Structure formats: C-alpha cells, structure tokens
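Chemist:
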C-alpha cells in the first residue's frame, strides 16, 4: 500500500465489502424466519436446522474449492483451459487466503461471494420444506452454493467470463447468476421430490397450505429486503481509477463500477433498488388481489426482475420492468403448479427463478447495444445473448444438475422422508429428545406446582 | 446503436453524464410511470368498493357478526 491515497482506497474497499457481508447475513436470517413461519408446527426445528447448517457446509466448501472455481473457470471448458494464474492465488493453501499484510481484499471479497452462495442454497431450501431429508438438501446446498452458481459467476459475472465476452451477457445484480439458477435448481429438485401430502386434491386441484405464523413470514421477508441492500452494494466495486481498470476508459476520473468493471454509481442503484421494489409491490398487490404474502414476495420478485440492468436503468424503467416481471411470474407460478402438480412451498421457483429469467431477457431489449465491458472486443448487450444466458442459468446449470442428482438420491432412497414421518412431523421424528425433554419438564413443573399450591376455593 | 448512447466505454468519464437507456425520453417515461401509479389507485378503489359491498351483504347474518365481535 504505497502512498496515502492507495492505502485509503484499499482500506475503504476492504471495509466497504466487510459492511456488505454483515448486511447480507440478514438475508439468511430472513430466509430462516420465512421458512419456519411457512412450515407447520410439527416441522419447525427441522426446517430451521436444515437452513442453518447450509451456513457452515457452504462456507467450508467455498473455502476449499468454490472460490478457486470463480478465478479458474472464466473460459473453462468451452473457450480455454483453467486459468491457473488467477486461480492459484485463491486456492485454499494460497498465502493470500489468510491474514496477510500484503493482501487486504481477498478475505472480504471471498466473504461477499460466499454470502451469495448461502443465498443460492437457501432459495432451494425454501422450496422443499417439510418433506426432504436434511442430508439430501445439504448435498444440494454444497452443489448449488460451491459449484454450480460459482461456475455461472465465472462465466457470466466476471470481467473475463466467456458469456460476457462472446454473448454480451449483462447481469449486474444477479437476476440470472443467483436467482434464475437457484430457482431452476429448486424446480429440478421438487420435480423429483414430489408435493407434500395433501397439497393436491384427488382431482389435481392444488390446496393452499397456510403458514403457521404469518408475522414471522412478514419479518423474514423484510429482513431479506434489508439484506438485499447489502447484496446490491456488494455487487459493485466502490471506487477505482481508469488506470486500475486497465480497459478503454480514458482520463483520470475515478468511478464505482459493476462486477464487469463498467461504470455505474451507488446513487443510481439506490434509485433503482427502491423503484423496482415499489413497482413489484404495487403490481403484486393488484395481481394477487391484495394477498399479503404474494405482495411481499412480489416486492422481492420486482427487484430481482430489474436486477440484471439496475446499474443502468432509469428509475421509472426499473419500476415498470419490475411490475411487468411480477405479473408474468405470478401467472406462471399458478400455471406451472396446476399443469405439472409441483409443490413449491414458498414460491421460490417463481420469485427467484422466473423473475430472474424474465429480467435477463427484458434487459437484453432495454440495454440493447450498451457495452457489456470496459474492455475492447466484447460483444454488446443484446436480447439473444441474454436469452441464451438465461437458458444456461435456469436450465443448464440449475434445473438439469438438480434433476439428475435428485434422481440419483431418489433411486438410493435418500431424498424424501418416509410418509409416516411426514404425517407425524419431523420435529418429533428427528428431534424427539427435545420433545421428550419438554414433556418431562412440563410434567415435573406440574407435579411441583401441585405440592406447593392449594386450589382456590 | 446503443440504447444508453454509448457503444463502448472508450470515453473520458469526466465528459459522461446520464448513462440510462432512452435519454431524452424522460418526460415520456415519467408520464408512463404516473399512469401506472394513478391506474393503481383506480384499480384499488374499484376493487375495494366491490369487496366492501360483498362484505356488507355477508354482514347481514347477525350470528356471524356476533361471532366476529366475540373473536376480537
């Protein structure tokens, strides 16, 4: 860190990412609350533990190989080999992967990406509640969190990724690279897993399974909104010079950039986050006829739809794009549910998967011809590139691997819980020690009470 | 042709202003946004009136109203 300005910039950037990571933790808190609130009383602890254990499992695997994939895979395997030069500094045994006075960025940057990994895994976790085995979900969590999403990030969310270079793929705040892939992945799992008992009537009509605690859901989704602020900030490089970018930008004016190192501003994305949240909430309220949970989810789906281009959209564009996306997503959710008898317990496939997919395609039209990168020789943003990108995210890296792995798990008999346990409830089946201890202490308290008090006359 | 007015970032950022798509159409975009906003109010007023009308008819059942009051 030679020179005061360089030192200040480095320490500011280090602190900036650190703050985003803390904010993003709220996304996971929100997902936990949402899932527990949506589950029935007999499945609380299982639902909670299923999502909590995503944290350590994805963290350690992201340290061991996920982070290396991001740096080694931008051209691999279709347009080149592994990038060992970039990858080597991000292997778990590299000296930069620990306290190192010469490197103040790797740890916080790794953590920012890791929090995205948790989010991807947690999106899948919500769709499968009340009937998946934890062991099966945790394999999926590692696969989506530390393998598939980070491959898509290397391809389409990296300044050197082949999708950016050859397709002009543009996805500034991860409509595709987090949400479309995680929604597609969730769809692949639930297609094999099957619906919860009672979800569909004999004639195939879907039944609503109401949440046990609507207030917990409400707080959960508001925490997800809050964490989403951190997510947006984490997708930017806060301040960098044209020299630091090393691309085509001339002059000496420093800027914030998106993940592709192309100019944007924190101010611009703040406009767009709030306007797309609002457009999503308003459209969802109308289309769902005031249903509270679809309205809240619609706010999230609105942001996700606009996220691909929220680095560049005008705020009114962000609002209208969010609204259009939410109407499509809502209709598609119920059509798929009826047509294919799929039980997406929290609407994760719709809110994340369909919204992300639709958002990518809309960005292709609205940002048509915009530069995807500050470097020379990159394709510009275009609808075909965005459509191919959306297919790669949702189906190629999301749905297909999930479907294949779930099929293997189902064949081995380790995907779904037994029917008897599903009816009895996972909390008693897996956490019987807790339930028995609870009963024992209640009995003990009642016995003690009986010896101390005489009933009122 | 680029919707944001720049086909590459081979520019001096000191000379760059707005970078959103369809610059020059701000008034039109705001007009569309205002139509969306006012349209939302219109839909909401109509729907709520219909909803309350239906609720009023249901509320003629005295026993049900009594149950609701007791439920708090």
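Chains as they are written, first to last, in our numbering: chain U, 8 to 464; chain Y, 15 to 86.
In this text, a Cβ means the ideal position worked out from N, Cα and C, and glycines have one as well.
Owing to the predicted nature of the structure, the values given are computational and were not obtained by experimental measurement.
Against chain U, with Cβ distances strictly below 8 Å, would residue 21(Y) count as a contact?
Modeler: yes
Chemist: Which chain Y residues sit within Cβ distance under 7 Å of residue 339(U)?
Modeler: Result: empty, since nearest Cβ-Cβ is about 21 Å, beyond 7 Å.
Chemist: Within 8 Å of any Cβ in chain Y, is that where the Cβ of residue 257(U) sits?
Modeler: yes
Chemist: Once you ignore the five residues that flank residue 75(Y) on each side, which residues in its own chain have a CB closer than 6 Å to its CB?
Modeler: Correct list: empty, nothing qualifies.
Chemist: Let's see if you can read the secondary structure: which residues bound the beta strand (DSSP E) around residue 247(U)?
Modeler: Here the beta strand (DSSP E) through residue 247(U) covers 244–247.
Chemist: Using 8 Å as the threshold, is the C-beta distance between residue 18(Y) and residue 35(Y) below it?
Modeler: yes
Chemist: What residues are listed by DSSP as bridge partners for residue 26(Y)?
Modeler: 257(U)
Chemist: Thinking C-alpha only, which one of 312(U), 53(U), 417(U), 122(U) is nearest residue 26(U)?
Modeler: Ranking the options by Cα distance to residue 26(U), first place goes to 122(U).
Chemist: Helix, strand or coil: how does DSSP classify residue 212(U) here?
Modeler: Coil.
Chemist: Which runs of the beta strand (DSSP E) spanning at least 3 residues fall entirely within the stretch 51–96 of chain U, listed in chain order?
Modeler: none
Chemist: For residue 277(U), which three-state DSSP category applies?
Modeler: helix
Chemist: Considering only DSSP beta bridges, list what residue 423(U) is partnered with.
Modeler: 139(U)
Chemist: Can you name, in chain order, every residue of its own chain whose Cβ lies under 7 Å from the Cβ of residue 359(U), other than the five neighbours on each side?
Modeler: 130, 186, 189, 190, 311
Chemist: So, helix, strand or coil for residue 159(U), using DSSP?
Modeler: helix
Chemist: Is it a yes or a no for the stretch 452–459 of chain U touching the stretch 237–257 of chain U, going by three-plus beta-carbon pairs under 8 Å?
Modeler: no
Chemist: Against chain U, does residue 59(Y) count as a neighbour if the rule is that its beta carbon must be under 8 Å from one of theirs?
Modeler: False, the Cβ-Cβ gap to chain U never drops below 8 Å.
Chemist: Can you confirm whether residue 47(Y), when its beta carbon is compared against all beta carbons of chain U, has any partner nearer than 8 Å?
Modeler: Residue 47(Y) has a beta carbon lying within less than 8 Å of a beta carbon in chain U.
Chemist: So, using beta-carbon positions, are residue 377(U) and residue 319(U) closer together than 8 Å?
Modeler: yes
Chemist: Distance, Cα to Cα, residue 93(U) vs residue 389(U)?
Modeler: Rounded to whole angstroms, residue 93(U) to residue 389(U) spans 29 Å at the Cα level.
Chemist: Can you tell which of 218(U), 24(U), 97(U) has its C-alpha closest to the C-alpha of residue 245(U)?
Modeler: 24(U)
Chemist: Cβ closer than 8 Å: which chain Y residues qualify as neighbours of residue 378(U)?
Modeler: For residue 378(U), the residues of chain Y that pass the 8 Å Cβ criterion are 16, 20, 21, 22, 23, in the order they occur in the chain.
Chemist: Below 8 Å CB to CB, which residues in the same chain sit around residue 101(U) once its five sequence neighbours on both sides are set aside?
Modeler: 95
Chemist: Along chain Y, in chain order, which residues have C-beta atoms closer than 7 Å to that of residue 254(U)?
Modeler: 23
Chemist: With distances taken between CB atoms, is the gap from residue 180(U) to residue 314(U) smaller than 8 Å?
Modeler: Yes. Within cutoff.
Chemist: Can you tell me where the alpha helix (DSSP H) with residue 458(U) in it begins and where it stops?
Modeler: 439–459
Chemist: How about residue 79(Y): is its C-beta nearer than 8 Å to some C-beta of chain U?
Modeler: no
Chemist: Under three-state DSSP, which class holds residue 270(U)?
Modeler: strand
Chemist: Could you check where the alpha helix (DSSP H) with residue 409(U) kicks off and where it finishes?
Modeler: Residue 409(U) -> alpha helix (DSSP H) spans 407–418.
Chemist: Examine chain U for any beta-carbon lying closer than 8 Å to the beta-carbon of residue 28(Y), and answer yes or no.
Modeler: yes
Chemist: Go ahead and label residue 328(U) buried or exposed: buried means 16 or more other beta carbons lie within 10 angstroms of its beta carbon, across all protein chains shown.
Modeler: buried
Chemist: Could you give the DSSP three-state label for residue 350(U): helix, strand or coil?
Modeler: Of the three classes helix, strand and coil, the one that applies to residue 350(U) here is coil, per DSSP.
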